[in-house]
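Asker: Before anything else, here's the structure in question.
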Amino acid sequence: MLSIPEKYNSKSKNNNINNNTNYVSNKTVLLTTSLIGLFTMLLIAFSFTIPFSGADSPYCKGVYMNPAYAKIRAFDSSYTRFASKYSLYLYREQGKDKMPGKNENFNLTGTPVLFIPGNAGSYKQVRSIAAETADQYFDNINNIKLLNPNTNNLDFFTADFNEDFTAFHGRTMLDQSEYLNEAVKFILSLYKSNDNSNDNYPTSVIILSHSMGGIVARVMLSLPNYLEDSINTIITLSTPHNAAPTTFETDLLNVFKLTDEFWMKGFAYENDDDEIENIDMNIHNKISKKHNKHNKHNKILKLNKIARKRLSNVSLISITGGMLDTTLPTDYTTLTGLVPSNHGFSVSTTGIPEVWTPIDHLAIVWCDQLRKVLSKTLLSIVDKNSKSQTYPLNKRMEIFKSILLPDLTKSSNIISDTQLGLNIPYKLKIDLKQLKDSTNQRFFQLPKNHIKRDLNSFPPIDLFNIPKDDNYKFNFISSLKPTSIEDLDDSTSTSILLCRSVLNEDIRDKNYYKKIYDYTTDDTMKFAELECIDINKYTYIIPLSYTDNKVYYSLELPSNILNSFNNVIIIESEDESDIMSDDDFVLADLQLESLSKLKAGDSSLWKLISQGNDITIPVHRPIIIDIDIPSIRSSLLAYRLDIRYKKSINEKFSPIISQSVKGEVKWHIDINSNKHITSMVNSNSPYTPFIVNDLNSSSKFKIFTDSLSSDEIMDIYVTVDWFKSLSLLVVKYRLSIIGFPLFFTLLIILCQFIQYTKYNKYPSYGETMLYICSLKTITILTITFSLLSFLTSTKLSFGKFIEIFNPLEINHLDLMSNIEKSKVEVNNIFMGIEEISLWFYGTFILYISIGLNFLLYNLILLVLILLLQLSKLSIWKSIKLPKFKNFSKQRKTISVISLILLVLIYLPYQFAFIVCVLTQVFSTLNSFIANPNLNAYSTSVFKNYTQSKEKSSDSNSNSDDDINEDKVITKEKLLILTENFKNFKFSLMMLMFWLVAIHVPVLIVWIHDISIRWITPFSSHHNILAILPIVILIQLLNQGYMIPRPKTDFNIIVTQLVLLYFMIYSLLFGTRHLYFLHNLFNLLCVWFIILIVQDWSIGGMDKANLISKNISKIS
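Anchor point for the sequence shown: position 1085 equals 1085 in UniProt numbering, and the numbering is continuous, going up by one each time.
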């Protein structure tokens, strides 16, 4: 416990001098720490306004469409109780889609897609993707049919939620989910009622959702009114699957928790009922009573089976806009521990082929590059011949991965595809004279400087023999898309084959080969027979621009693939002059694999922070190099890569760098000489699940260069970009702006009560803040906050121990680990930092918390000074602030009862809290106007009282009859009671100010619903017990009752423990459980009321109300 020095009992001048010295010293420390904190805040805010550059810059193109929306009026209250609040629309692209008639009786022949808007989103946001889908289907039907012969037009339905705030209110989210389940039933019924002979009507709807709409989609499957098998495909755009974006409201977090639990149990132990039964028993045994344990367990098993059945054929794709989405942290959109890889994945738009750009939260529904890819994806997964109108799960996932994932390791499937018979081999018979110049070839490039071989008009063949004495890697980059050997005659490109020598011709029948190519003549003396597979389909594309569609094509064959073959063959076009423009090229090399894999530094993040890392890439290097930088793994830092090299005039292209971490891929293109790039990664992040010891959590870079034409080394220096790093803190810790400063406010109040308990003097807020900011105390707090980042890590058992102070249920780590087949952890404590090297972030949080308290306190003082000056003017008499002391007790009681009844019937308790805050504000202002001592950083009355007491003691030291001290200094004691009361009310007002932000979001939802004439059932927000203690305490304070001084050991300990727990909880768990801070404040008010009642029970009622009775005497 903190202790307050007995400075009010000092009697000597030396002590006064020391106190003055401490006052100046503490004020210096307070001012210094506050300025550091506020300056850091300003720096963070300024860095957040600076736009991103390079791979994190926005490059979305504008879009155009011709939309029309047909409201489906038949979906009325006979189908859903929300018909008066929500609406359903059918999107039609004018000039493409068939438009409904006036009677709305027309046949729907497409595949149904339902768009779900997000928080405060509009149903019209569907227009961009729906319009592009119609354009692709009706204008490019032949190309679409080549991709998917069973495709069909899409009928886009969209829900109008009147821009509801789903991110703030769990009940609203449940209402939307219930409404949409009924909407899905109605949509499917429209196809059943078509006036045609086609009985193959759809039985499921594809879900496309934005932001919180993705959570609504997941909730739909867990509700009782869900139609079985009506949803099997969910595509979400910027949806926070892994963590709730706000934590202001209890119902919202409960919806997230229960929905996640439903999905986890649907995917975990899919084929092992016994295993999940054991897990469920472990989870619920502690809360189940013996007499109902069996029934509860049976109910749980039933729900688990329902979850597994409903999710068995569901695919969930989560698409995020990357770092440009500052509304929602990218980390929240991942599916770690929630969905297994065979049912879904998350991907960033920076890595989606032909998108390659980050997208902000709103633009993700209209960005032209993304909508083209999404439309192509939707049309590719449709199977009009299926009842579900989509392909089975495995094929859907293959399509999703082939279109949406960058898949730089696509070639890793060559061996497995060959074993499955997907790569039917060709047979090549080649005259050895054609290969005499390339039998030991290690490099290949087009156009060539030498004269090409010409043998009977056969296409030039270049052969790379694969040595078996070491591990080699084959790299290929081309501006021309490689083509199949069968299409080589009609193409202007090259073909790539992976071959084995044919040792015994009798082993293979001629029908075994897809085709035989004979490149020999009657004059051929020696020839080679090769069994080859065409590997052109395993190439991936490299962007040359974020906006244009020009790309390069690349292929990598690592040693584990090459070791199963003997040769790599590149077959050129017969007429090189026809294929090669000035900008076209083909490059390939076969080099030792060790030369292609480099490592920059070790895994020490502290070494990167303090010293940086560097790596030198030699002149003679492979054209594709993989660089592993294990120290680049924290998502709280931005990294700067300085690339120093001199570009050769003969190089075909500028270097291109790809960056990948945990599946997220970014492209840094057009790397000119001596250029730096900024790298920001989405790796292990605060408050989100992560896989322990994940090999993919560190950054890997792939550098593409024309090293065959370059004669310069390349140096790369890696450092931390601190300015950009600050901007990342805004999105990660924006909710912490309440919990962390609240900790310091509670620390001040705790110290005030310690002083109040010892000396019956309640110091002012500023005076206590000044005391806490002594050099010694600040040093202790700085060390403590620095250690917290280390101590709260999941790597330490101490972090597990701290979790016992959080009474709220945590994530199901066992289920998450089973889904990922690896250990999964989540750090919800303090800042959620796993990196010990970032210990100084805790110090920043401390100083920012002090700075915000200092700023708020002085702003309130400034307002008080202005009001006190205005109160001296004659015009002030015409301004009537509410003076609650003038209200009768009966009137006050009626007001309180009315407020409580309204909360019980109509108002959310958050409204009552705001009323209490306003009441406390006006009451505190009146107290300062009645007694204008500000007590900014000292309480002068306490000092005057001490001096009066000393004089009284000195003057009567030689008297036989002591004068009653209470009679001598009665006025001073009344002043002290007044100052105690005023200081306490001010501190309580400061505490309530920080809590206001927790209650505002629910009020926004309530006001919004009133505006659309809908009364949402705020069941959990009509709990009068959640606000009654606060209302009663504020009422007692308005009547002049001060919190009595805790005197018994029990009261002292409980008072300090309640404040201490409130303080610790706001610091360690407040960010992820902001709503619980209200509950703790409510508990604190309960204890204060108990103290008042205890004082009344011993006859202290009149004494407690001494202030209201004698306020006129004091003033």
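Ideal Cβ placement from N, Cα and C applies to all residues, glycine included.
Pick from F805, N827, F801: whose alpha carbon is nearest that of L813?
Answerer: N827
Asker: Could you pull out every unbroken beta strand (DSSP E) segment of at least 3 residues lying fully inside the stretch 806-843, listed in chain order?
Answerer: DSSP runs (the beta strand (DSSP E)) wholly in the stretch 806-843: none.
Asker: For T320, report the span of its beta strand (DSSP E) as first-last.
Answerer: Where T320 is concerned, the enclosing beta strand (DSSP E) stretches over 315-320.
Asker: Per DSSP, C367 forms a beta bridge with which residues?
Answerer: For C367, which the question treats as bridged, DSSP gives no partner whatsoever.
Asker: Hey, how far is the Cα of D1095 from the Cα of L1083?
Answerer: 19 Å
Asker: Check whether the stretch 316-325 and the stretch 333-342 touch, using three or more Cβ-Cβ pairs below 8 Å as the test.
Answerer: Segments in contact, yes.
Asker: Buried or exposed for Y179, going by 16 or more other Cβ atoms inside 10 Å?
Answerer: buried
Asker: Skipping 5 residues on each side, what residues in its chain have a beta carbon closer than 8 Å to that of L35?
Answerer: G851
Asker: Could I get the ranges of all uninterrupted beta strand (DSSP E) runs contained in the stretch 209-243, with 3 residues as the minimum, in chain order?
Answerer: 233-237
Asker: Beta-carbon within less than 6 Å of V707's beta-carbon, same chain only, minus the 5 sequence neighbours each way: which residues are those?
Answerer: Before going on, a small fix: residue 707 reads as Ser here, not Val. Cβ within range, chain order: R621, I623.
Asker: Work out the CA separation of D694 and F653 for me, nearest whole Å.
Answerer: 35 Å
Asker: Compute the Euclidean distance between the alpha carbons of S230 and L587, then round it to the nearest angstrom.
Answerer: 50 Å
Asker: Using the three-state DSSP reduction, which class does V63 fall into: helix, strand or coil?
Answerer: coil
Asker: What number of angstroms, rounded off, separates the C-alpha of I496 from the C-alpha of N549?
Answerer: 23 Å
Asker: Within 10 angstroms of its Cβ, does V1000 collect 16 or more other Cβ (buried), or is it exposed?
Answerer: exposed
Asker: Mind reading off the beta-carbon distance from L864 to T782? Whole number of angstroms is fine, and I expect it under 8 Å.
Answerer: Not really, about 31 Å apart at Cβ, beyond 8 Å.
Asker: Taking 8 Å as the cut-off, does the stretch 802-822 touch the stretch 338-356 (at least 3 CB pairs, one atom from each stretch)?
Answerer: Taking 8 Å as the limit for Cβ pairs, the verdict is that the stretch 802-822 does touch the stretch 338-356.
Asker: Out of I657, K982, I1032, D628, state which residue places its alpha-carbon closest to the alpha-carbon of V921.
Answerer: K982
Asker: Is DSSP giving N567 helix, strand or coil here?
Answerer: strand
Asker: Taking only runs of the beta strand (DSSP E) that begin and end inside the stretch 623-668, which ones reach a length of at least 3 residues, in chain order?
Answerer: 624-629, 638-644, 656-661, 664-668
Asker: If we count Cβ pairs, one from each stretch, closer than 8 Å, do we get three or more for the stretch 50-63 versus the stretch 137-149?
Answerer: no
Asker: Curious, which full-length beta strand (DSSP E) runs of at least 3 residues does the stretch 1027-1080 contain?
Answerer: Within the stretch 1027-1080, there are no complete beta strand (DSSP E) runs of at least 3 residues.
Asker: Under a three-way DSSP split, which group does M525 fall into?
Answerer: In this structure, M525 counts as coil in the three-state DSSP scheme.
Asker: Using DSSP bridges, identify the partner residues of M714.
Answerer: Answer is I617, bridged to M714.
Asker: May I ask you to verify whether the stretch 737-744 touches the stretch 1069-1086, counting CB pairs closer than 8 Å and requiring at least 3?
Answerer: yes
Asker: In chain order, what residues of the same chain have a beta carbon less than 6 Å from the beta carbon of S698, not counting five sequence neighbours either side?
Answerer: So the list reads P630, R633, once near-sequence residues are dropped.
Asker: Provide the residue span of the alpha helix (DSSP H) that contains residue 1124, from first to last.
Answerer: The structure shown does not extend to residue 1124, since the chain spans only 1 to 1115, so no value can be given for it.
Asker: Does the Cβ of Q419 have 16 or more other Cβ atoms within 10 Å, making it buried, or fewer, making it exposed?
Answerer: exposed
Asker: For A70, list the residues DSSP reports as bridge partners.
Answerer: In DSSP, A70 forms a bridge with L90.
Asker: For L324, which residues in the same chain have their Cβ closer than 7 Å to its Cβ, ignoring the five residues on either side in sequence?
Answerer: F52, D56, P58, P358, I359, D360
Asker: Quick one: what's H255 bridged to in DSSP?
Answerer: Before going further, note that residue 255 is Val rather than His in the sequence given. V255 pairs with nothing; no bridge assigned.
Asker: Taking its Cβ as the centre, do 16 or more other Cβ atoms sit within 10 Å of Y645, making it buried, or is it exposed?
Answerer: buried
Asker: Quick check: the stretch 379-389 against the stretch 68-82, are there 3 or more CB pairs under 8 Å?
Answerer: no
Asker: Restricting to Cα atoms, I'd like to know which of S491, I430, Q1035, S774 is closest to I28.
Answerer: The displayed chain sequence assigns Thr, not Ile, to residue 28. Of S491, I430, Q1035, S774, the residue nearest in Cα terms is S774.
Asker: For a quick check, are the C-beta atoms of I570 and F400 less than 9 Å apart?
Answerer: Not closer than 9 Å, so no.
Asker: Just reading off the alpha helix (DSSP H) that I780 is part of, what are its end residues?
Answerer: 775-791
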